[in-house]
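J.:
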Amino acid sequence: DRYQLFVYSKEPSNRSLEVALHLLDWSRGLKVSSLLARHRKPVIDTITAKNLQKEYDSETFLYYMPKADCDALQLSVPKGFELKALSAEDAVKANDLWPNRHQGSLFFLQRLAAWNANVGLYECSTSKLVAWCFRLQAGPLGALQVDTAYLRRGFGTIVAIATAKQIAALGHDCFALVNAANEPSKKMFERIGFKHDGEAYWLRTIPTVPNIEWVD
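First residue of the sequence shown? That's 1 in full-length UniProt numbering, and the numbers climb one at a time after it.
(1) Are three or more beta carbon pairs between the stretch 121–130 and the stretch 144–159 nearer than 8 Å?
(2) Check each candidate in 139, 194, 211 and 80 and name the one with the smallest Cα separation from residue 34.
(3) Just to confirm before moving on: does the CB-CB distance between residue 203 and residue 57 stay below 7 Å?
(4) From residue 116 to residue 55, what does the alpha carbon distance come to, in whole angstroms?
(5) Would you call the stretch 58–69 in contact with the stretch 174–186, where contact means no fewer than 3 C-beta pairs closer than 8 Å?
(6) Jot down the residue ranges of each uninterrupted alpha helix (DSSP H) in the UniProt domain "N-acetyltransferase" (81–216), minimum 4 residues, whole runs only, in chain order.
(7) In angstroms, rounded to a whole number, what distance separates the CA positions of residue 209 and residue 50?
(8) Counting Cβ pairs, one atom from each stretch, are 3 or more of them under 8 Å apart for the stretch 159–172 and the stretch 7–20?
(9) How far does the alpha helix (DSSP H) with residue 67 in it extend, from its first residue to its last?
(10) Quick check: what's the CA-CA separation for residue 68 versus residue 75?
(11) I believe residue 26 touches residue 205 by the beta-carbon criterion, under 8 Å. Please report the beta-carbon distance rounded to the nearest angstrom.
(12) Would residue 132 and residue 85 be called neighbours here (beta carbons separated by less than 7 Å)?
(13) At the level of alpha carbons, what is the spacing between residue 106 and residue 114?
(14) Would you grab the beta carbon distance between residue 164 and residue 73 for me? Rounded to a whole angstrom, and I think it's under 8 Å.
(15) Could you pull the DSSP bridge partners for residue 61 from this structure?
(16) Residue 160 and residue 188 look like a contact to me (Cβ under 8 Å); what is the Cβ gap, rounded to whole Å?
(17) Report the three-state DSSP secondary structure of residue 16 (helix, strand or coil).
(18) Expressed to the nearest angstrom, what Euclidean distance is found between the alpha-carbon atoms of residue 98 and residue 125?
(19) Mapping the DSSP letters down to three states, classify residue 23 as helix, strand or coil.
(20) Between the Cα of residue 66 and those of 200, 212 and 196, spot the shortest distance and give me the residue it belongs to.
(21) If residue 21 and residue 200 are in contact, beta carbons under 8 Å, what's the gap, nearest whole angstrom?
Spelled out as structure tokens, the structure:
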């Protein structure tokens, strides 16, 4: 998906997966996203064999909740606020404040807002977007954030629950990927009732050809 690569295999040995990875063109750089721990080795082995450099390599905790549990979650929106779907304009704010903002990320978030389950929490008196949550391409909750002026009011929990219930309404279980060092977010998902169910990784390789740009 543009600069993102999603890697999965049902084969325990991952042999076919590693063969396929070697056939890809890595010259423009790839962001390997939502990489489950069981598929990490063939990716790292391919990067090493091709003598590629990594821009970053980060670990996330995978938190899981089955559909029935998502359906049973209680959602309470405080007085003076409302939940709505995110717009393309909202994605601009989300991108501007996103710690993982990068070249091409605005288009990425705008497309998620248009196509996937998502929710924004808005202040009724000002129509201001104060918290938001997207569903990423591979299915997890992601890019969840709260405006810094509205922190410590439980708004992250509200948008996480609201999006999880949307996903459950589609007939799906829900999961989230949280940076391993992000203790507040890990505790939030655990309080909601998500269970830690392994690790996943995000890594990006540096292009080997010059002047590579992904436009918004």
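We put the CB at the ideal spot given by N, CA and C, even for glycine.
This one's a predicted model, so the numbers in the text were calculated from it and none came from an experiment.
T.: In terms of the structure at hand:
(1) yes
(2) Along the sequence shown, read from residue 1 onward, the residue named residue 34 stands at position 34. Ranking the options by Cα distance to residue 34, first place goes to 139.
(3) Along the sequence shown, one-based indexing puts residue 203 at 203. Along the sequence shown, one-based indexing puts residue 57 at 57. A contact, by the Cβ cut-off of 7 Å.
(4) Mapped onto the sequence shown, residue 116 falls at position 116. Mapped onto the sequence shown, residue 55 falls at position 55. Between residue 116 and residue 55, the C-alpha separation is close to 28 Å.
(5) Put simply, the stretch 58–69 touches the stretch 174–186. At least three CB pairs are less than 8 Å apart.
(6) Runs found: 88–97, 105–115, 155–169 and 183–192.
(7) Taking the first residue of the sequence shown as position 1, residue 209 is located at position 209. Taking the first residue of the sequence shown as position 1, residue 50 is located at position 50. A straight-line Cα-Cα distance of about 14 Å links residue 209 and residue 50.
(8) no
(9) Position 67 of the sequence shown holds residue 67. Start and end: 67–72.
(10) For the purposes of this step, residue 68 is taken as the residue at position 68 of the sequence shown. For the purposes of this step, residue 75 is taken as the residue at position 75 of the sequence shown. Going from the Cα of residue 68 to the Cα of residue 75 covers about 15 Å.
(11) If you number the sequence shown from 1, residue 26 lands on position 26. If you number the sequence shown from 1, residue 205 lands on position 205. About 6 Å separates the two Cβ atoms, so the contact holds.
(12) Translated into positions along the sequence shown, residue 132 becomes position 132. Translated into positions along the sequence shown, residue 85 becomes position 85. No; because the gap between Cβ atoms is not below 7 Å, this pair is not in contact.
(13) Walking along the sequence shown from the start, residue 106 turns up at place 106. Walking along the sequence shown from the start, residue 114 turns up at place 114. Cα-Cα distance, rounded: 12 Å.
(14) Walking along the sequence shown from the start, residue 164 turns up at place 164. Walking along the sequence shown from the start, residue 73 turns up at place 73. Sure, about 6 Å apart at Cβ, within 8 Å.
(15) Walking along the sequence shown from the start, residue 61 turns up at place 61. Partner(s): 178 and 199.
(16) Counting from one through the sequence shown, the residue named residue 160 turns up at place 160. Counting from one through the sequence shown, the residue named residue 188 turns up at place 188. Confirmed, Cβ separation roughly 7 Å.
(17) Position 16 of the sequence shown holds residue 16. Note: residue 16 maps to helix in three-state DSSP.
(18) One-based indexing of the sequence shown puts residue 98 at position 98. One-based indexing of the sequence shown puts residue 125 at position 125. Cα-Cα distance, rounded: 25 Å.
(19) Looking up residue 23 in the sequence shown gives position 23. Note: residue 23 maps to helix in three-state DSSP.
(20) Position 66 of the sequence shown, counting from 1, holds the residue named residue 66. For the residues 200, 212 and 196, the minimum Cα distance to residue 66 belongs to 196.
(21) Locating residue 21 in the sequence shown gives position 21, where the first residue counts as 1. Locating residue 200 in the sequence shown gives position 200, where the first residue counts as 1. Rounded, the Cβ-Cβ distance is 17 Å, inconsistent with contact.
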